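Before any comments, here is the structure.
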Amino acid sequence: MNSQSNTLDYQQCIQNAALAFLERHQAEHLGDPSTLHNRTIDHLVNRFNMAKPIASKLTALAHIELVEVARRTRSAHS
Numbered sequence: 001m002n003s004q005s006n007t008l009d010y011q012q013c014i015q016n017a018a019l020a021f022l023e024r025h026q027a028e029h030l031g032d033p034s035t036l037h038n039r040t041i042d043h044l045v046n047r048f049n050m051a052k053p054i055a056s057k058l059t060a061l062a063h064i065e066l067v068e069v070a071r072r073t074r075s076a077h078s
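One point on numbering: in full-length UniProt numbering, the residue at position 73 of the sequence shown is 73, and numbering is uninterrupted.
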């Protein structure tokens, strides 16, 4: 397995951790999504020793995924 593949697998794992954090804590920040975003970045930096720019990118990707899941769920129930 090459280095690029390992990096992508690791990033996907961290993105999944960001998604799980967002899901667990979104109800705490219904009126302030930027605070949730910042908490998620801080979580990744502290828990996984991520560089802040990478944590920010992976949090943004996880947030997009969270929005897509919510949209699909709403569509399925319509």
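Backbone N, C-alpha and C define an ideal beta-carbon position, used for all residues, glycine too. Bear in mind the structure is a predicted one, so any value in this text is a computation, not a measurement.
Using 10 angstroms around the beta-carbon of Ala55, count the other beta-carbons present and answer buried if the total reaches 16, otherwise exposed. buried
Check Ala51 in the structure and name its three-state DSSP category. coil
Neighbourhood of Arg47 by C-beta distance below 8 angstroms, restricted to the same chain and skipping five residues each side: Ala17
Look at the Cβ atom of Leu58, then the Cβ atom of Gln11, and state whether they are nearer than 8 angstroms. yes
Under DSSP, the alpha helix (DSSP H) around Ser78 begins and ends at which residues? Segment: none, Ser78 is in no alpha helix (DSSP H) and carries neither H nor E.
Is the distance from the Cβ of Leu22 to the Cβ of His77 below 8 angstroms? no
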